[in-house]
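Asker:
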Amino acid sequence: MHKRHAEEVYLTHWRRTGPDGFHIRARRPGAHAFYRVGRAFDPLLLCEIVRQTFPLLCHAAYDVPRGHQLIWEHFGYRVDDAAYAGVDRGPDVTMDVHCFDISYRGTRPAALSLRAQVRWGDVPVATAETRFTVQSAAVYRRLRGGYAETGAAMARAVPVPAPDPHALAGRARPQDLVLAPADDDSRQLRVDTTHPVYFDHPVDHVPGMILLEAVHQAVGGADVSALDCAFHRYVELDAPCTIIAASTEENREEQRTLITAAQGDTTRFSADVTSRAVLVREATGRAVR
41 MHKRHAEEVY LTHWRRTGPD GFHIRARRPG AHAFYRVGRA FDPLLLCEIV RQTFPLLCHA
101 AYDVPRGHQL IWEHFGYRVD DAAYAGVDRG PDVTMDVHCF DISYRGTRPA ALSLRAQVRW
161 GDVPVATAET RFTVQSAAVY RRLRGGYAET GAAMARAVPV PAPDPHALAG RARPQDLVLA
221 PADDDSRQLR VDTTHPVYFD HPVDHVPGMI LLEAVHQAVG GADVSALDCA FHRYVELDAP
281 CTIIAASTEE NREEQRTLIT AAQGDTTRFS ADVTSRAVLV REATGRAVR
């Protein structure tokens, strides 16, 4: 699962249901310092559970050697109303997964798309779809050039700016906030390489999961009903990353926001997110729905 700490691995069992079909079981943690659990639905936990299917299926079902790199191209999900009903449906999560548009290099996948139908307990709560490419360690080193060495890349990480103390981001602890105020209407991405969840193990670039969390926090921790994002280029650790969020549509029930992550003049990541409930702030500063 490309995780160093066993407690951060949530998949428990898988079986093949067809040539490119799979049934996968997972367990939500009973308690967690970062993810919202119990009755709460945390969209980033959904993303992480789905993300862990990539290395599982590549290595176990498609014989991709360990050490190969899986490189995200795009990711999206749709969340059903039942997910946000405030009901504790227990720890069990199941996924029916179908892999498609598989391109091969020899006998092994070079790229594939994956669609997952997700159930929490016995209730459908989400669908997710993604595409990623697969590169050998040697090819990846050539692609990354001077950024390929993880220790050196992490040592060059920019200092972590202070978070916005008034941020409405859906996280209880300041160290979990990934956005910091900037000089204008934008935000700066906070990349804390010591964070035990964002950086479970050393990497040579900003993890995609931090970018997904930045999207969730950029809409104030609101209930996200849909997300579509594209990973254009790696976000590097040695330069500030600017996050810009622009609301494009809004009504009483939903808000649509376009979010970009840029370094220099280059857009590295973009997302189109629809949030169900918008958090507002009372005069006291208390967040309410």
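Residue numbering for the sequence shown follows the working numbering, beginning at 41 and increasing consecutively. Backbone N, C-alpha and C define an ideal beta-carbon position, used for all residues, glycine too.
Are the region 143 to 161 and the region 170 to 179 touching, with three or more C-beta to C-beta distances below 8 angstroms?
Answerer: Touching, yes, given that three or more Cβ pairs across the two stretches are closer than 8 angstroms.
Asker: Please state whether DSSP places F239 in a helix, a strand or coil.
Answerer: For the purposes of this step, residue 239 is identified with residue 199 of the sequence shown, where counting begins at 1. Three-state result, F239: coil.
Asker: Name the DSSP beta bridge partners of T297, please?
Answerer: Taking the first residue of the sequence shown as 1, we reach residue 297 at position 257. Its beta-bridge partners are S287, V313.
Asker: Are the region 218 to 235 and the region 81 to 89 in contact at 8 angstroms, needing three or more beta carbon pairs?
Answerer: With the cut-off at 8 angstroms, the region 218 to 235 and the region 81 to 89 do not touch.
Asker: Between the Cα of D38 and the Cα atoms of L251, V237, T93, which residue gives the shortest distance?
Answerer: Nothing about residue 38 can be reported from this structure: the residues present for the chain run from 41 to 329 only.
Asker: Among M194, E189, D162, G61, which residue has its Cα nearest to the Cα of R129?
Answerer: Position 89 of the sequence shown, counted from the first residue, corresponds to residue 129. It is D162.
Asker: Between which two residues does the beta strand (DSSP E) carrying H63 extend?
Answerer: The sequence position of residue 63 within the sequence shown is 23, counting from 1. H63 -> beta strand (DSSP E) spans 61 to 67.
Asker: Buried or exposed: S310, going by 16 or more other Cβ atoms within 10 Å of its Cβ?
Answerer: Counting from one through the sequence shown, the residue named residue 310 turns up at place 270. It counts as buried.
Asker: Beta-carbon separation of A166 and R118 under 8 angstroms?
Answerer: As a working mapping, residue 166 is identified with position 126 in the sequence shown. As a working mapping, residue 118 is identified with position 78 in the sequence shown. In contact: A166 and R118 (Cβ atoms closer than 8 angstroms).
Asker: Are V179 and P149 touching if we call contact CB-CB under 8 angstroms?
Answerer: Here residue 179 is taken as the residue at index 139 of the sequence shown, counted from 1. Here residue 149 is taken as the residue at index 109 of the sequence shown, counted from 1. Not a contact, by the Cβ cut-off of 8 angstroms.
Asker: Leaving aside the five residues before and after Q303 along the sequence, list all residues of the same chain whose C-beta is less than 6 angstroms from its C-beta, in chain order.
Answerer: Against the sequence shown, residue 303 aligns to sequence position 263. Correct list, in chain order: A279, C281.
Asker: Should G116 be listed as close to the ligand PLP, given that the test is whether its C-beta is under 7 angstroms from any heavy atom?
Answerer: In the structure shown, the ligand PLP is absent, as is every other ligand, since no ligand is present at all.
Asker: Have a look at I111 and E294 and give me their C-alpha separation to the nearest angstrom.
Answerer: For the purposes of this step, residue 111 is taken as residue 71 along the sequence shown, with counting starting at 1. For the purposes of this step, residue 294 is taken as residue 254 along the sequence shown, with counting starting at 1. C-alpha separation (whole angstroms): 31 angstroms.
Asker: Less than 8 angstroms between the beta carbons of A188 and L219, yes or no?
Answerer: Mapped onto the sequence shown, residue 188 falls at position 148. Mapped onto the sequence shown, residue 219 falls at position 179. Against a cut-off of 8 angstroms, the Cβ pair of L219 and A188 comes out as no contact.
Asker: So what's H272 in DSSP terms, helix, strand or just coil?
Answerer: Position 232 of the sequence shown, counting from 1, holds the residue named residue 272. If DSSP states are grouped into helix, strand and coil, H272 belongs with coil.
Asker: Between A209 and Q257, which are expected to be in contact by the criterion C-beta below 8 angstroms, what is the C-beta distance as a whole number of angstroms?
Answerer: Taking the sequence shown and counting its residues from 1, the one referred to as residue 209 is at position 169. Taking the sequence shown and counting its residues from 1, the one referred to as residue 257 is at position 217. That belief holds up - the Cβ atoms of A209 and Q257 are roughly 4 angstroms apart, short of 8 angstroms.
Asker: Are A192 and W160 touching if we call contact CB-CB under 8 angstroms?
Answerer: By 1-based counting over the sequence shown, the position of residue 192 is 152. By 1-based counting over the sequence shown, the position of residue 160 is 120. Not closer than 8 angstroms, so no.
Asker: Quick check: what's the CA-CA separation for E290 versus V313?
Answerer: Within the sequence shown, numbered from 1, the residue matching residue 290 stands at position 250. Within the sequence shown, numbered from 1, the residue matching residue 313 stands at position 273. E290 and V313: Cα-Cα distance of roughly 12 angstroms.
Asker: Compute the beta-carbon to beta-carbon distance between G116 and L267, rounded to the nearest angstrom, for a pair I have assumed lies under 8 angstroms.
Answerer: What you label residue 116 is simply residue 76 of the sequence shown in a count that begins at 1. What you label residue 267 is simply residue 227 of the sequence shown in a count that begins at 1. Yes, they are in contact, since the Cβ atoms of G116 and L267 sit about 6 angstroms apart, within 8 angstroms.
Asker: What residue from P201, S226, T134 has the CA that sits closest to L217's CA?
Answerer: The sequence position of residue 217 within the sequence shown is 177, counting from 1. Ranking P201, S226, T134 by Cα distance to L217 puts P201 first.
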